[in-house]
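Residue numbers (full-length UniProt numbering): 1 to 196. We put the CB at the ideal spot given by N, CA and C, even for glycine. Below is one structure, written out as structure tokens; the observations come after it.
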């Protein structure tokens, strides 16, 4: 298992949508599968799960690069639309007084919007609260894992690539306006076009 590209996906729902034909197995207690040069692992949602998974995998196998794939919430002010695919240039813990400068990310030359991402333990309570985060950090999107993965990988001297597709607007709790299926389908198509 040397020299693979490790792909971390937070949830099994995301992983199955992006990789619908995968033959899943188990690696260190994580759902995973291998194909071509890729080793895909479902990390679990949230900061702790994602960071622990990244560390456990990297302590047990050599990888050439790490890519984080999943859905994200966009800030209304970012100009992003639901279904857009975006890449992180920096990941920032937004709800902790820790590493306020954030973690740099590896950025690939791909034809998608690039910008700062925020990592939070939970979605902002309202669109207004989300707008305040946008103003404070100038981020385009938020998620629950990215900064923790970048933090963990910094201990290994590795910069991850993080690509997400927008499923909703940050702070909008009305799930009838979300489109997770569209976000995951667009992310699947993007992966197939630019990574295969």
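Check	Outcome
For residue 193, the nearest candidate out of 77, 18, 28 and 50 (CA to CA)	18
Coil, strand or helix - residue 131 by DSSP	helix
Inter-residue CB distance, residue 115 and residue 139 (contact presumed, cutoff 8 Å)	7 Å
Straight-line Cα distance separating residue 195 from residue 65	13 Å
Inter-residue Cα distance where the pair is residue 50 and residue 35	21 Å
Buried or exposed (CB count within 10 angstroms, at least 16 for buried), residue 10	buried
Between the CA atoms of residue 39 and residue 156 - distance to the nearest angstrom	18 Å
CA-to-CA distance, residue 75 to residue 46, given in whole angstroms	19 Å
Coarse secondary structure for residue 64, derived from DSSP in three states	strand
Neighbourhood of residue 134 by C-beta distance below 6 Å, restricted to the same chain and skipping five residues each side	75 and 77
Member of 12, 62, 43 and 23 whose CA lies at the smallest distance from the CA of residue 145	43
Residues near residue 8 by beta carbon distance below 7 Å, same chain, minus five either side	41, 43, 50, 53, 54, 66, 68 and 149
Host alpha helix (DSSP H) of residue 155 (start-end)	From DSSP, residue 155 is part of no alpha helix (DSSP H); its letter is neither H nor E.
Candidates 154, 81, 153 and 174: closest to residue 125 by CA position	174
Contact check, residue 162 vs residue 91, beta carbons under 8 Å	yes
First through last residue of the alpha helix (DSSP H) which encompasses residue 188	180-195
Residue 122 (DSSP reduced to helix, strand or coil)	coil
Beta-carbon proximity check, residue 5 vs residue 63, cutoff 8 Å	yes
DSSP beta-bridge partners of residue 106	Residue 106 pairs with nothing; no bridge assigned.
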